[in-house]
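Per the numbering used here: the sequence shown = residues 584 to 783.
Reading through the structure tokens given below for one structure.
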Amino acid sequence: MSYAIVGFGKIGQALAHAFARRNIEVTVASRHPPEALAPQARAIGPTVVAKSLRDAVEADTIILAVPFWEHREVAKALPSWEGKTVIDATNTFGVSPEELDGLPSSAFVAKAFTGAKLVKGFNHLGAATLATDPVVEGGHRVVFLSSDDEDAIAPVAALAKHLGFAPVELGKLNEGGALVHARGRAWGPLIFQDLFRKEL
Ligand SMILES: NC(=O)c1ccc[n+]([C@@H]2O[C@H](COP(=O)([O-])OP(=O)(O)OC[C@H]3O[C@@H](n4cnc5c(N)ncnc54)[C@H](OP(=O)(O)O)[C@@H]3O)[C@@H](O)[C@H]2O)c1
584 MSYAIVGFGK IGQALAHAFA RRNIEVTVAS RHPPEALAPQ ARAIGPTVVA KSLRDAVEAD
644 TIILAVPFWE HREVAKALPS WEGKTVIDAT NTFGVSPEEL DGLPSSAFVA KAFTGAKLVK
704 GFNHLGAATL ATDPVVEGGH RVVFLSSDDE DAIAPVAALA KHLGFAPVEL GKLNEGGALV
764 HARGRAWGPL IFQDLFRKEL
């Protein structure tokens with residue numbers, strides 16, 4: 584399994600730290616050329632490698648860590664996303680339900696990534712929290728995962744565990760996913776809940 588993080592700002596870097604901590608290879612990309620990202624990537628760890636967006640989307644699993652509306656630009660990087668898993672870490676605070684055609688934000692994102700399996704996750708914590716070691720006093724920081732694709736969650740849950748997080752599966756986007764989404768001026772009740780589980 585290969586991994587990429589698209590968007591190398593606050594959330595992208597927080598997640599890159601998680602990969603580096605476990606020595607898992609991950610590609611990072613933004614609109615800037617890889618040379619511009621390389622020093623920061625190297626500073627995070629040797630397994631974090633900056634590439635162009637075009638090369639990054641070669642990965643099997645792509646974590647989306649860009650400002651919400653930019654997902655549409657990222658989606659244009661491939662003609663088809665068949666066979667890929669996209670983990671949507673974006674939030675839509677301030678975006679009205681009408682702008683999202685009344686859909687859960689990640690369902691709206693999924694429409695742009697034709698053929699991909701989409702899992703909403705790693706979006707419910709502030710970047711500074713997400714950047715810190717998820718293993719604290721023997722407990723594992725919880726991340727919530729939801730998807731309309733039943734088969735999609737298990738491999739992402741496995742990745743989350745590998746990174747030291749305790750994944751909690753919430754089911755479909757319009758059900759459990761709604762607990763962790765932001766839309767309009769409202770945050771889902773689980774957003775910013777920094778929870779820990781004793782066992783993985
Ligand atoms: N910050 C938080 O605490 C937090 C918490 C939870 C969720 N989120 C969500 O996570 C997402 C990222 O937030 P952030 O705070 O990390 O934002 P950020 O610090 O502004 O970083 C955004 C990154 O996306 C890149 N980017 C923008 N447009 C792009 C495109 N078309 N293609 C490739 N890369 C692009 C930017 O780089 P270039 O400009 O160089 O391309 C930058 O590296 C947002 O959807 C936000 O709602 C944020």
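By construction, the Cβ of each residue, glycine as well, lies at the ideal position given by its N, Cα and C atoms.
Kindly list the residues whose CB is nearer than 7 Å to the CB of residue i, restricted to its own chain and excluding five residues on each side of it in sequence; keep chain order.
{"i": "T600", "result": "The displayed chain sequence assigns His, not Thr, to residue 600. Within the same chain, H600 has close Cβ partners I627 and A714."}
{"i": "R786", "result": "What is shown of the chain runs 584 to 783, which leaves residue 786 out entirely."}
{"i": "P687", "result": "L756, N757, G760, A761 and H764"}
{"i": "A642", "result": "S585, Y586, A587 and T610"}
{"i": "G698", "result": "S663, W664 and E665"}
{"i": "A658", "result": "A695 and F696"}
{"i": "K593", "result": "A710"}
Could you check what DSSP says for residue i in three-state terms: helix, strand or coil?
{"i": "S689", "result": "helix"}
{"i": "W652", "result": "helix"}
{"i": "G595", "result": "helix"}
{"i": "F775", "result": "coil"}
{"i": "T715", "result": "coil"}
{"i": "F602", "result": "helix"}
Is the beta carbon of residue i less than 8 Å from the beta carbon of residue j?
{"i": "H745", "j": "T675", "result": "no"}
{"i": "L620", "j": "F602", "result": "no"}
{"i": "W639", "j": "A612", "result": "Per the sequence shown, residue 639 should be read as Ala rather than Trp. For A639 and A612, yes; Cβs fall inside 8 Å."}
{"i": "T644", "j": "A735", "result": "no"}
{"i": "I785", "j": "V589", "result": "Examination of residue 785 is not possible in this model, given that the chain is present from 584 through 783 alone."}
{"i": "K703", "j": "S679", "result": "no"}
{"i": "L598", "j": "F705", "result": "yes"}
Give the straight-line distance between the Cα atoms of residue i and residue j, rounded to the nearest whole angstrom.
{"i": "L728", "j": "P616", "result": "31 Å"}
{"i": "I607", "j": "E782", "result": "22 Å"}
{"i": "A630", "j": "R724", "result": "What sits at residue 630 in the sequence shown is Thr, not Ala. Taking the straight line joining both Cα atoms gives about 22 Å."}
{"i": "Q776", "j": "L762", "result": "11 Å"}
{"i": "R637", "j": "A743", "result": "25 Å"}
{"i": "Q596", "j": "V649", "result": "11 Å"}
{"i": "A633", "j": "V718", "result": "26 Å"}
{"i": "V692", "j": "G721", "result": "35 Å"}
{"i": "A660", "j": "W652", "result": "15 Å"}
{"i": "L701", "j": "P622", "result": "30 Å"}
{"i": "E618", "j": "A624", "result": "10 Å"}
{"i": "G767", "j": "R614", "result": "27 Å"}
{"i": "V751", "j": "S635", "result": "32 Å"}
{"i": "L778", "j": "H707", "result": "11 Å"}
{"i": "D732", "j": "D684", "result": "20 Å"}
{"i": "G677", "j": "S689", "result": "15 Å"}
Per DSSP, what are the beta-bridge partners of residue i in this structure?
{"i": "K700", "result": "T668"}
{"i": "P750", "result": "V726"}
{"i": "I645", "result": "A587 and V669"}
{"i": "A765", "result": "W770"}
{"i": "V609", "result": "V631"}
{"i": "R780", "result": "H723"}
{"i": "F676", "result": "G767"}
For residue i, collect the residues of the same chain with a Cβ closer than 6 Å to its Cβ; drop the 5 residues on either side in sequence, then sort them by chain order.
{"i": "A749", "result": "H723, V725, R780 and L783"}
Within a Cβ cutoff of 8 Å, which residues of the same chain sit near residue i, ignoring the five residues on either side of it in sequence?
{"i": "R605", "result": "H745, L746 and G747"}
So, is the C-beta of residue i closer than 8 Å to a C-beta in chain D?
{"i": "L713", "result": "Absent from the structure is chain D; it holds one protein chain and no more."}
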